[in-house]
Amino acid sequence: MKPPFAVGRATSVRFVLMAWALPAVLSYLLYFAFTNTYSGNAFNADGFAAIYDNGIFKYRILGINLLRATHDAIVALGLPTSLPPAYLVQFPNTTPEWYSAFFYLNTVVLGMTMSVFFVIAEKLNVTKQSFLTDLCLIVLLGIMIFSQYVIVPYDMLSYLFLALAMYLVLFRSGRIDTLVYLCAVIILGTLTRETAALILSFYAAVNFKDLIKIPPRFFDTSGERPSPLLTLALLTVCFLGTYVALRLNIETHQPFFKGVRVAYNLADQFSVFGMIYFVVASAALLTAPAARNTVALFMIAAAPYIVGMIMIANPREIRLWAPVLMPMFLLQFQAAMENLMVQKH
């Protein structure tokens, strides 16, 4: 991936502002200008362990261990810490070090994710009108920032792996090294959060025409490179293999989900509005004709995840919908840019 700052001073400045400065400022405001009580008693050692060392959360080992390492680094290095004072009223065991660990880790990973999105948007924006790239980035940043009204140690990290996968699928398809990178991203993503399955949905939507060719092929015409069908099969094996390996090696009383809660979700006002948010956002992204078919294919491929979130999760947590909406938005942005170039010529 060519660093964006290598292409000119203006792009370098925009990269710093859009990928790091703006995300850092918004992240600071999110964590310290508001009092987040939805995340519960997670910001102390015992509370963190009670939540994340049990049930389905225990399998999200990468983000959880990185959070603990961040906390240890804060303590060892004496890094600045802070905490909204009102939080202590409801959760008196909260410590600034644990709360700030969430801020430090998620803000740094958010900057890394925005860096990848910056490269993607710049490459997709064939018009070279930088303002269009920046608008795309603001939408993606808004989705990720808004989703953090529930603060957890793994969401931002899962978005990073999703962004890396989208870059590889969009710009490096058909290469042997890309398959290796994608397998690594899938494995790391699955160690972070089960939403790594959406990478498979994105790959299937982008390569749909090649996947349905008759007769099916496992290699290209030269026989030297894996076809999209074989690539998708190998990526699926990486996801399922990691998913199963985690559950064989880590015992919990909730290996797959905490419980079925669809009846509650349909009766609870906030949960209903969470579903409405996703329906409205998806409808808006399907309204634009540029990539409607590809977006629809992605949603079909992602249907097991979407239905699952309604059945076993709380739809009021907008973070559940972020990894579905961001690929849809980028697909529409890609198609819109291509259409602008066609009209220009």
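Mind the numbering: the sequence shown is residues 30 to 374 in our numbering, read in order. Backbone N, C-alpha and C define an ideal beta-carbon position, used for all residues, glycine too. Quick caveat, the model's predicted, so the values are computed rather than measured.
Segments assigned beta strand (DSSP E), at least 3 residues, entirely inside the stretch 148–195: none
Cβ shell of Asp-184 (< 6 Å), same chain only, five flanking positions each side left out: As a first step, residue 184 must be located in the sequence shown, where it is residue number 155. Cβ within range, chain order: Arg-348.
Segment contact flag, the stretch 273–288 with the stretch 309–326, C-beta cutoff 8 Å, min 3 pairs: At 8 Å Cβ cutoff, the stretches do not touch.
Phe-248, DSSP secondary structure in three states: As a working mapping, residue 248 is identified with position 219 in the sequence shown. Here Phe-248 sits in strand by DSSP.
Residue environment, Tyr-67, which counts as buried when at least 16 other CB atoms sit within 10 Å: Position 38 of the sequence shown, counted from the start, is the residue given in the question as residue 67. Classification for Tyr-67: exposed.
Span of the alpha helix (DSSP H) around Gln-119: In the sequence shown, the residue the question calls residue 119 occupies position 90. Its alpha helix (DSSP H) spans residues 116–119.
Beta-carbon proximity of Leu-208 to Leu-258, cut-off 9 Å: Residue 208 sits at position 179 when you count from the first residue of the sequence shown. Residue 258 sits at position 229 when you count from the first residue of the sequence shown. Taking 9 Å as the Cβ cut-off, Leu-208 and Leu-258 do not qualify as a contacting pair.
Extent of the continuous alpha helix (DSSP H) to which Pro-52 belongs: What you label residue 52 is simply residue 23 of the sequence shown in a count that begins at 1. Counting along the chain, the alpha helix (DSSP H) containing Pro-52 begins and ends at 51–61.
Nearest to Arg-204 (by Cα), restricted to the options Ala-50, Val-266, Pro-255: For the purposes of this step, residue 204 is taken as the residue at position 175 of the sequence shown. Of the candidates Ala-50, Val-266, Pro-255, Pro-255 places its Cα closest to the Cα of Arg-204.
Beta-carbon gap between Leu-153 and Leu-189 smaller than 9 Å: As a position in the sequence shown, residue 153 is number 124, starting the count at 1. As a position in the sequence shown, residue 189 is number 160, starting the count at 1. No, these two residues do not count as a Cβ contact at 9 Å.
Glu-253, buried or exposed, once every other Cβ within 10 Å from all chains shown has been counted against 16: If you number the sequence shown from 1, residue 253 lands on position 224. It counts as exposed.
Beta carbon of Met-143 nearer than 9 Å to that of Leu-164: Counting from 1 along the sequence shown, the entry for residue 143 is found at position 114. Counting from 1 along the sequence shown, the entry for residue 164 is found at position 135. No; because the gap between Cβ atoms is not below 9 Å, this pair is not in contact.
C-beta atoms of Ala-291 and Met-340 nearer than 9 Å: Position 262 of the sequence shown holds residue 291. Position 311 of the sequence shown holds residue 340. What sits at residue 291 in the sequence shown is Val, not Ala. Yes; because the gap between Cβ atoms is below 9 Å, this pair is in contact.
Three CB pairs or more closer than 8 Å across the stretch 105–112 and the stretch 121–141: The stretch 105–112 makes contact with the stretch 121–141: 3 or more CB pairs, one atom from each, lie closer than 8 Å.
DSSP bridge partner residues for Pro-255 (one or two, in chain order): What you label residue 255 is simply residue 226 of the sequence shown in a count that begins at 1. In the DSSP output, where bridge partners are listed per residue, Pro-255 has Phe-248.
Backbone secondary structure at Gln-372 - three-state DSSP: The count along the sequence shown starts at 1 and reaches residue 372 at position 343. In this structure, Gln-372 counts as helix in the three-state DSSP scheme.
C-beta contact flag for Arg-345 and Phe-286 at 9 Å: Locating residue 345 in the sequence shown gives position 316, where the first residue counts as 1. Locating residue 286 in the sequence shown gives position 257, where the first residue counts as 1. No, they are not a contact pair.
Distance between beta carbons of Asn-83 and Thr-221, contact taken as under 8 Å: Looking up residue 221 in the sequence shown gives position 192. Looking up residue 83 in the sequence shown gives position 54. Not really, about 18 Å apart at Cβ, beyond 8 Å.
Within-9 Å CB hit, Asp-206 to chain B: No chain B is part of this structure, which consists of one protein chain only.
Identity of the residue in Ser-230, Leu-369, Ala-351, Val-179 nearest Glu-261 by Cα: Within the sequence shown, numbered from 1, the residue matching residue 261 stands at position 232. Glu is not the amino acid found at residue 261; the sequence shown has Leu there. Looking at the Cα atoms, Ser-230 is the closest of the given residues.
Backbone CA spacing between Asp-297 and Val-179 [nearest angstrom]: Residue mapping note: residue 297 aligns to position 268 of the sequence shown, counting from 1. Residue mapping note: residue 179 aligns to position 150 of the sequence shown, counting from 1. Between Asp-297 and Val-179, the C-alpha separation is close to 18 Å.
CA-to-CA distance, Ala-192 to Arg-43, given in whole angstroms: As a first step, residue 43 must be located in the sequence shown, where it is residue number 14. As a first step, residue 192 must be located in the sequence shown, where it is residue number 163. So the alpha carbons of these two residues sit roughly 19 Å apart.
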